[in-house]
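Since the structure comes first, as structure tokens, the remarks are kept for the end.
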């Protein structure tokens, strides 16, 4: 996203708003006098700009259909449609704000206790709760139109945070010859210095020149408007950059994420008009916003005076600077200062109207009311150490700074700047340089030494009271936390889960310190003793679309070389794994009949095809197949199944001997790579075998010309002798078909005279078209997978994977003849030998149902009401005049003529076991 | 043979895509190929990201224990695993000690060898070139494509857009070789990812420009050469 150079207009809840160039949505709304941006999660209290740095939930809106957009850091775009969230019927008049007055009936954790009984009402309660509490709603209408990307980048060093420390870390690493990627969530480099003109003046030319140095360095890749939200193993950093997720891999990671200003907890601290000083600064200097009227600034450090001066210079009337310290934190330079005082509460509903202030230890009832529009709080920063914690670095509580920071880093990580609790710019630069040096060396980890604390923090103890919100995201008050601790949830982790504090969109950035302080106070413990909750990704909320990415592999489909021909012919496609195959060309029954009575042509290019060459191939095939191949004559093809060491069928296909040392193997659709790997695995065990294995699945297309007229058609485009005498059933030949060199296998999966023709992929369309032309007079039809499945069922030919599963051995699957246990060794021999000595288990048998009712797969096979087996395939067979299929049944039910029942739509239908094929049992047509 | 078939016409897996996209199709050397796309006919290649379909290449696979000897014969020296070498016949990609792919027309002395199989049509080739080529690829693969990890003349087999692809790094371009059955998905994924970088399709008549636009010099390691 790039900044606009002209003013833009967008709508907010239907009202037109104009934004200046590069201005954020929230900034434009502020300038337009819109100070209520949302309603709170639970009580529907009005909420306005608070942190203005993209942390808190107050400015979340739905923008162009995307819910929960942080409008304080989202630039306005022309025509954008911005809507408020979680309000009914409108943001201004939210009827559900009545809940704010009913808060006493909704104590912390109330939904755990009051909505479970009666149990059947829970779905009703849940539906109501979900409607009235929450954030934005996913726009299902337009949600699918957004594009998300996923990108993987590699870099020697990744620096997270483009502030003063991060800039120096990047420069140092670059100067040491390393490629650097600098990730900065703002639109500009410089971090919080961008919001602090006074510091910029102090730095002089160094500020701009340092930024320029980084931007012009060819070794440094700068990712602006990009947020690092996760650190994972092996220094993988996840970054959201617009609608793109970037996976950054690096040798060294420097975390210079700075810190967040922490809010004070006092009654009414969530009212619109109460803001953090850093947010005010940012709105003033980055968005050109003004804060007209009167302001009270509450502070315990010089930052409060800085913002007060800036506001005063911009025309805001500073009513008072309320300083927790007994002496001013810095030179007030004419500001009205009240030292040793604090804020008791604020007044106002839709916006602040007054602040009540008084002595820190004084009675709150004696507070002085100061009329004002704005209450600005500058109570110090905490570290943005979430990524460090995710990476596994140890965080400790630094009492002198009143914040958690890392003291022990993991290998490959360094931290620098404010994330260490260092706020002095020169110290930040030093730490940045050191971190860059260490990261460039590819090391890191170990203990970390930080610059000494600049000064101790003043007491932040504030008066307790109702509606003093610790967690703005989940509407959790300080009182709620005290109640939760009283309920027994005194551990900070269980307190979090029970009260949901820190579990909202800010993920603890605004509330972790406050909740730890409240927990400590309720338990009478120290901050250090209380500990902190676990930091987990994402550190910042991330749209699910970004996490999903574009995922192009989800759209992967495999197409045969004849795909376009099939489309032209009106094929209806089906998915077969990743393959798109013609299920039919509109009339599967007619296709079936064409093959039985005349001739048909099917695209079987999806078969896997392997070529094996070398003097040891026969020995190898003897080893990987349970049947024999050593004596297979040249020019013959044989069916085979591949078993694993357990004797389980993992694939089947044909094996043809084309020359003395050249063999051609086919596998099932989708298993070419699996069989290829399986063969290579076993080949690796015998390096002495002289074998060259080539997977030619992609290089070779295949088609099956089948039917009683197939020979007649093939002869029209083929010079070879195709007579039964010259090319009998199970013959394999190499000859030209339509002028193209081909491998012909005379096999009959569909139970008719047929030829499986393998040709180079790039010439497949030519051969197919020639065959279709040659067969026109014979009424040739292309046929699809549906007709093929009906045809093969007539012959009880099994489909590996369809009729077999992870427990099927050839002994059970009707293929005991294929297992040659008298061979000295082959894969699966021992298991099959043991199985052959046992009582047979389930058997794959054919069955016939009277009528046309077809049981879906896998229908149940029952005998006397007992479940005995399952149907694996079933179709209506015109030649059998009945529904036929294959089913697994116990051995005792597998004899010919045995009656069983098959459950179809809850009804039991009688079926009869039939072991011989339903069509051409002698194979006369195959061999004709 | 009763009927007289028409002369065989070879087609790559992307011909239909080119036809639908308005590409100019011509028959060259027995192949129907897309020679040009009218809208990119005059494109200045050095300034643009372009993609080109080069599926009409002869491809030979070498396998077995004699692979090394054949590679030496073709290139003049051995080629390490994971690298490619150039010979008069074409480019030799060494996948494993016992497996190599040769893109180009080898002589009959190699084709007649039992260690060689003609797999023309079994590898579809996409040529990707331009200043943002690596960025486009980074949207589709998690592989480290920096020169340090994958220098010129390096090859790598792995998923790109979820499709098993042999990726070859030349001095001025990348070549992506994939199985023809899934190359349409790869092609469309590349175009989709390249949309943000204004990736454009050029016809085969620009092949000579594309593969030389970045310089056809040798590998920075010497020995194993580019083109």
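Protein chains in written order, with the working numbering: chain A, 295 to 1222; chain B, 875 to 1101.
Ideal Cβ placement from N, Cα and C applies to all residues, glycine included.
All values derive from a computational prediction rather than experimental measurement.
### Query
List, in order along the chain, the chain B residues whose C-beta lies closer than 7 Å to that of residue 860 (chain A)?
Against residue 860 (chain A), chain B offers no close residue; the least beta-carbon distance is about 11 Å (beta-carbon pairs closer than 7 Å).
### Message
Between which residues of its own chain and residue 975 (chain B) is the CB-CB distance below 6 Å, once the five residues before and five after are set aside?
### Response
Contacts found: 935, 967.
### Task
Kindly confirm or deny that the region 333 to 347 of chain A and the region 380 to 395 of chain A touch, where touching means at least three C-beta pairs closer than 8 Å.
Contact between the region 333 to 347 of chain A and the region 380 to 395 of chain A is present: three or more C-beta pairs spanning the two stretches fall below 8 Å.
### Task
Run down chain B in chain order and give the residues with a C-beta less than 7 Å from the C-beta of residue 525 (chain A).
Per Cβ cutoff of 7 Å: no residues; residue 525 (chain A) is ~17 Å from chain B at best.
#### Entry: Cβ of residue 1055 (chain B) within 9 Å of any chain A Cβ
yes
### Query
Closest to residue 972 (chain A) by CA distance: which of A:992, A:914, A:931, A:954 is it?
A:914
### Query
Given that residue 896 (chain B) touches chain A, what residues does it touch there, using C-beta distances under 7 Å?
Simply none; closest approach about 16 Å.
### Task
On a CA-only basis, which of A:661, A:919, A:647 is nearest residue 636 (chain A)? Give me that one, please.
A:661
#### Entry: First through last residue of the beta strand (DSSP E) which encompasses residue 900 (chain B)
898 to 902
### Query
What are the complete beta strand (DSSP E) segments, minimum 3 residues, inside the region 1141 to 1183 of chain A?
Counting whole runs of 3 or more residues, the region 1141 to 1183 of chain A contains the beta strand (DSSP E) stretches 1154 to 1157, 1160 to 1171.
### Task
Please determine, among A:969, A:533, A:740, the residue with the shortest C-alpha to C-alpha distance to residue 444 (chain A).
A:533
### Task
Within its chain, find whatever has a CB closer than 8 Å to the CB of residue 999 (chain B); leave out the 5 residues flanking it on each side and keep chain order.
927, 928, 929, 931, 977, 1049, 1050, 1051
### DSSP-derived helix/strand/coil call for residue 1018 (chain A)
If DSSP states are grouped into helix, strand and coil, residue 1018 (chain A) belongs with coil.
### Query
By Cβ distance, which residues of its chain are closer than 6 Å to residue 892 (chain B), with the 5 residues on each side in sequence left out?
908
### Message
How far does the alpha helix (DSSP H) with residue 684 (chain A) in it extend, from its first residue to its last?
### Response
680 to 685
### Query
chain B beta carbons: is any one of them nearer than 9 Å to that of residue 939 (chain A)?
no
### Message
Using C-beta distances below 7 Å, list every residue in its chain close to residue 1088 (chain B), excluding the 5 sequence neighbours before and after it, in chain order.
### Response
Legend: pLDDT at residue 1088 (chain B) = 43, less than 50; position of this residue unreliable, value from coordinates given subsequently. Hits under 7 Å: 1003, 1045, 1046, 1047.
### Query
Do the CB positions of residue 357 (chain A) and residue 328 (chain A) come within less than 9 Å of each other?
With contacts defined by Cβ atoms closer than 9 Å, residue 357 (chain A) and residue 328 (chain A) do not form a contacting pair.
### Segments of 3+ residues assigned as beta strand (DSSP E) that fall wholly inside the region 965 to 1029 of chain B
Qualifying beta strand (DSSP E) stretches, in chain order: 973 to 978, 990 to 992, 998 to 1003.
### Task
Just grab the DSSP bridge partners of residue 869 (chain A) for me.
A:874
### Task
Look up residue 360 (chain A) in the DSSP assignment and say whether it is helix, strand or coil.
DSSP, reduced to helix, strand and coil, places residue 360 (chain A) within a strand of the structure shown.
### Query
DSSP on residue 889 (chain A), reduced to helix/strand/coil?
helix
### Task
Output the distance between the C-alpha atoms of residue 892 (chain A) and residue 984 (chain B), rounded to the nearest integer angstrom.
44 Å
### Task
Closer than 7 Å by C-beta to residue 703 (chain A): which residues in its own chain qualify, once you throw out the five before and the five after it? Chain order, please.
687, 709, 738, 739, 740, 742
### Query
Does the beta-carbon distance from residue 246 (chain A) to residue 1141 (chain A) come in below 9 Å?
This structure cannot speak to residue 246 (chain A), because chain A is shown only from 295 to 1222.
### Task
Have a look at residue 683 (chain A) and residue 646 (chain A) and give me their C-alpha separation to the nearest angstrom.
37 Å
### Query
Exposed or buried, which one is residue 665 (chain A) when buried takes at least 16 other CB atoms within 10 Å?
exposed
### Message
Measuring only the C-alpha atoms, how far is residue 1055 (chain B) from residue 429 (chain A)?
### Response
46 Å
#### Entry: Any chain A beta carbon closer than 9 Å to residue 885 (chain B)
yes
### Message
Buried or exposed, going by whether 16 or more other CB atoms sit within 10 Å of the CB of residue 564 (chain A)?
### Response
buried
### Message
Is there a C-beta anywhere in chain B that falls below 9 Å from the one on residue 897 (chain A)?
### Response
Not a single CB atom of chain B sits nearer than 9 Å to the CB of residue 897 (chain A).
### Message
So, for residue 802 (chain A): in the same chain, excluding its five sequence neighbours on each side, which residues have a beta-carbon less than 7 Å away from its beta-carbon?
### Response
796, 827
### Task
Could you check what DSSP says for residue 1054 (chain B) in three-state terms: helix, strand or coil?
coil
### Task
May I ask you to report which of helix, strand or coil DSSP gives residue 653 (chain A)?
strand
#### Entry: Among B:1009, B:970, B:948, B:989, the one whose alpha carbon lies nearest that of residue 979 (chain B)
Looking only at B:1009, B:970, B:948, B:989, the smallest Cα-Cα distance to residue 979 (chain B) is reached by B:948.
### Task
Report the option in A:790, A:937, A:780 whose CA atom is closest to the CA atom of residue 770 (chain A).
Residue A:790 is the option with its Cα nearest to residue 770 (chain A).
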